[in-house]
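J.: Below is a structure I'd like to ask you about.
2 protein chains.
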Amino acid sequence: MATIGAVAKQAGVSIASVSRVVNGTTARAETERRVRAAIIDLGYQPNSAARALKVRKSEQICLSFDDLGNPAYVSMTRGVGHVLSSSHYRLILSSAFSSVEEIVKHLETMGRGFADGLIISPIYSDPRIASLISRLRIPVVLVGTLPEGLDVDNVHVDSASGIEMAVEHLVETGRTNIALVNGPVTTNPGRRRKAAFERALIARGLTLTDESIIQADAFSPEAGYAAISNLKDLKKFDAVIGGNDQLAAGVMKFCFEKNIGIPSDIALIGIDNIDLASLLRPTLTSIDLRAEERGEIAANLMLDRLANPDRPSKQITVEPKLVIRESTAS
Amino acid sequence: MATIGAVAKQAGVSIASVSRVVNGTTARAETERRVRAAIIDLGYQPNSAARALKVRKSEQICLSFDDLGNPAYVSMTRGVGHVLSSSHYRLILSSAFSSVEEIVKHLETMGRGFADGLIISPIYSDPRIASLISRLRIPVVLVGTLPEGLDVDNVHVDSASGIEMAVEHLVETGRTNIALVNGPVTTNPGRRRKAAFERALIARGLTLTDESIIQADAFSPEAGYAAISNLKDLKKFDAVIGGNDQLAAGVMKFCFEKNIGIPSDIALIGIDNIDLASLLRPTLTSIDLRAEERGEIAANLMLDRLANPDRPSKQITVEPKLVIRESTAS
DNA sequence: CTCCTAACTGTAAACGATTACAGTTTGAAA
DNA sequence: TTTCAAACTGTAATCGTTTACAGTTAGGAG
């Protein structure tokens, strides 16, 4: 494996000159020609560890989230990737955490100069996570609910207002008994959507009982199906909001099997507006949380912060958007 | 930012001793105690670039593929992640390539000691890709069709036999006029599925005309919908095979809108058996290409190769599995 | 108490790049 | 031809680790 020294020798110049040619600083035409020839000759590739050690930069930005299986995160990744591809930073992903421990382990390796910036969207809210993030010496952009007292760039979607829109829309289309099939309350989205749902129902004087919130143990179709199956009497509701589209898809599957008509017997709304929403039958009304856009914003915040390390941190809020489809027709 | 030297000073030992404690070599109990105390005191984290430079290892394995939007790759990632999480290697992902140029750029950075191993699943077959891979000095596991003359570890699913199964199943359930809504033929899967489809039809003496293969320009529901919309006379077919489940979902959507019954008028089969298949209505019969399992196999091949660099390369073939659902009922 | 081995520890040389700084060339102007 | 500034080039220090090697220490055996 050729090093810069080998190239220098082959070209008959100093390693400083090779370095300058590689990094685009000025050099005499003849020098440059010889260096380039030697580089091709030897198949030289600069060693990135050595470079990173010297310049204290890895040219990498890490995007991490908890659940690659959720298409909303895939959209977010697309947004981030799109913005970063026109910068000189490489995007690397780190995902599929199964536990808070893994997140912690991951955050620790972030402290080792492994990336120049971290865009993170944690769904679990554990005090350790906030504390580790605050100790990180690299810029962090947090996508999602900002933990108390953490001062980093943040992009956040007003999911409470999304729930609000969903309830509003259901009421407008004549529904009054609304249930929420919620994701785990150990997660931020789970907790916040639950709270927002309760507020929205109370604000309108709608019935809210213990049974109005049905807890699923994951944000997946299977979990949605299982959760709704456990419900004694689905018929007493005329509308269901899924904690996300996948949960809603599980509910829809159950209703189909039990011959419960959507939207005739029960209206159904999902959250995230992933591709699946328009493929289901009936097509699924959904609250679009603009994941791709949030990814773009996060990436831009990161680039801005990297270029300008001392600016005060920014918090950006994105407004959700109601996408009406068949599952809530009157 | 604390370095090993600062820790050594604080603990009153040499940097060699600190290094030994950190890396788990033997040390006197008292030494170890003092070093650990200093580490916690200073919040020391070893610099990974310096370590990588010295030991010529990054402890990272890179997984790259072209389309994160395809849930099959997400499954594959899960398989890889699962295996790697019990090793000391970190998994990093690199995806969302929009062009062969980007893949090439990416492969070049792989040559810089950025990862210790590369698991790659390229869908485009470009001679440059094969040539770059063969020049890489790190172990490579290729998931998918192995380019001519490239001698690396490989895991490959016999998709021809999958198509075979699909046709067989359709014939058994009484269909004889079968169309394929294929993904782009600029991709390996697109090309191979087309060829396998033609062979299967010819082998059975079934009608195969120019119209039997409908080319979509991506492996997405929208592309499937668009492709099938362009077809003059869908009615002359009694079965459609989608190049993947997402293409099939697009076809299903179209059929629903045009009041074409599935499976009554047309039987439909997808490929990949992603979650979506069981959420659609009717549920979608699909050829399971065992993406998660292929990911596991690939990761194990990689670990094995890393432990044993000189063994001859292995090629492993996975058999697809037909999952029968409603969309092909007689 | 002396000796000896085993266990530990420290010194210093790498790893492969970047970059001040000082020295050398170049070429136009006088 | 000489002069001088601008442009280029080379030397050597440095980034933060690991590790061979040599030196030290500990503690049991004699």
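Going down the list, the sequences are from chains W and C.
Here the first sequence stands for residues 885 to 1214, numbered as in our numbering.
Here the second sequence stands for residues 885 to 1214, numbered as in our numbering.
The C-beta atom is built at its ideal place from N, Cα and C for all residues, glycine as well.
1. Would Ala1105 (chain C) count as contacting chain W if we go by Cβ distances under 8 Å?
2. Return helix, strand or coil for Asp1037 (chain W), following the three-state DSSP convention.
3. Between the Cα of Phe846 (chain W) and those of W:Thr961, W:Leu1163, W:Pro1105, spot the shortest distance and give me the residue it belongs to.
4. Which term fits Ala921 (chain C), buried or exposed, when burial requires 16 or more other beta carbons within 10 angstroms of its beta carbon?
5. Quick one: grab the DSSP three-state call for Ala1100 (chain C).
6. Residues of the segment 957-969 of chain W with a CB closer than 7 Å to any CB of chain C: list them in chain order, please.
7. Does Gln929 (chain C) pass the burial test, meaning 16 or more other C-beta atoms within 10 Å, or should it be called exposed?
8. Within 10 angstroms of the Cβ of Arg912 (chain C), are there 16 or more other Cβ atoms? Answer buried if so, exposed if not.
9. Within the same chain, show all residues whose beta-carbon is closer than 6 Å to that of Thr1005 (chain W), passing over the 5 residues directly before and after it, in chain order.
10. Give a yes or no on whether the minimum CB-CB distance between Ser1005 (chain W) and chain C is below 8 Å.
11. Interface residues of chain W around Met885 (chain C) at Cβ under 8 Å?
12. One question on the structure: do Ala1050 (chain C) and Ile1153 (chain C) come within less than 8 Å of each other, judged by their Cβ atoms?
13. Under a three-way DSSP split, which group does Ile1153 (chain C) fall into?
14. Would you check if there are 3 or more beta carbon pairs closer than 8 Å linking the segment 1204-1214 of chain W to the segment 984-992 of chain W?
15. Cutting at 6 Å between CB atoms, please list the residues of its own chain near Asp1129 (chain C), excluding the five before and the five after it.
16. Could you tell me the alpha carbon to alpha carbon distance between Gly908 (chain W) and Glu1048 (chain W), rounded to whole angstroms?
17. If we cut at 8 Å on Cβ distances, does Pro930 (chain C) have a partner in chain W?
18. Identify the contact partners of Gly995 (chain C) in chain W, using a Cβ-Cβ distance below 7 Å as the criterion.
19. Distance, Cα to Cα, Ala838 (chain C) vs Leu1064 (chain W)?
20. Does the beta carbon of Phe998 (chain C) come closer than 8 Å to any beta carbon on chain W?
21. Scan the segment 1125-1154 of chain W for residues whose Cβ lies nearer than 7 Å to a Cβ of chain C and list them as they occur along the chain.
22. Which of the three DSSP states, helix, strand or coil, is assigned to Tyr1008 (chain W)?
23. Verify the CB distance criterion: does Arg917 (chain W) have a CB-CB separation below 8 Å to chain C?
24. Counting only C-beta atoms, is Ser1018 (chain W) closer than 8 Å to chain C at any point?
25. In chain C, what lies closer than 8 Å to Arg974 (chain W) by C-beta?
26. Taking the DSSP output, what are the residues bridged to Thr1169 (chain W)?
27. Does Phe1138 (chain W) come out as helix, strand or coil in the three-state DSSP assignment?
28. Which residues, taken in chain order from the segment 1155-1177 of chain W, show a beta carbon closer than 7 Å to some beta carbon of chain C?
29. Could you tell me whether any Cβ in chain W is nearer than 8 Å to the Cβ of Leu952 (chain C)?
30. Which of helix, strand or coil does DSSP assign to Lys989 (chain W)?
31. On the DSSP letters alone, give me the boundaries of the alpha helix (DSSP H) that Gln929 (chain W) sits inside.
32. In chain order, which continuous runs of the alpha helix (DSSP H) of length 4 or greater are located wholly inside the segment 1042-1110 of chain W?
33. Please confirm whether Gly1001 (chain C) and Ala936 (chain C) have their CB atoms less than 8 Å apart.
34. Helix, strand or coil, according to DSSP, for Leu1185 (chain W) in the structure here?
T.: Concretely, from the data shown:
1. The sequence shown places Pro at residue 1105 (chain C), not Ala. Yes, because at least one Cβ of chain W sits closer than 8 Å to the Cβ of Pro1105 (chain C).
2. strand
3. Examination of residue 846 (chain W) is not possible in this model, given that chain W is present from 885 through 1214 alone.
4. By the neighbour-count rule (16 or more Cβ atoms within 10 Å), Ala921 (chain C) is not buried but exposed.
5. coil
6. Val958, Thr961, Arg962, Gly965
7. Buried, since its Cβ has 16 or more Cβ neighbours within 10 Å.
8. exposed
9. In the sequence as presented, Thr is not what sits at residue 1005 (chain W); that position holds Ser. For Ser1005 (chain W), where only same-chain residues beyond five positions count, the Cβ hits under 6 Å are Phe949, Val1027, Gly1028.
10. no
11. For the C-beta of Met885 (chain C), the chain W residues within less than 8 Å are, from N- to C-terminus, Arg1021.
12. yes
13. DSSP, reduced to helix, strand and coil, places Ile1153 (chain C) within a strand of the structure shown.
14. no
15. Gly1154, Asp1156, Ile1158, Leu1160, Ala1161, Ser1170
16. 55 Å
17. For Pro930 (chain C), the answer is yes, since a Cβ of chain W falls inside 8 Å of its Cβ.
18. Gln929
19. Lying before the first or after the last residue shown, residue 838 (chain C) is absent from chain C, which here runs from 885 to 1214.
20. Yes - at least one Cβ of chain W is within 8 Å of the one on Phe998 (chain C).
21. Ala1133, Lys1137, Phe1140
22. In this structure, Tyr1008 (chain W) counts as strand in the three-state DSSP scheme.
23. no
24. no
25. Ser978, Thr993
26. W:Ile1153
27. helix
28. Result list: Asp1159, Leu1160, Leu1163, Leu1164, Arg1165.
29. yes
30. Three-state result, Lys989 (chain W): helix.
31. First-last for Gln929 (chain W): undefined, no H or E at that position.
32. 1043-1056, 1072-1087, all fully within the segment 1042-1110 of chain W.
33. no
34. Reduced to three states, the DSSP call for Leu1185 (chain W) is helix.
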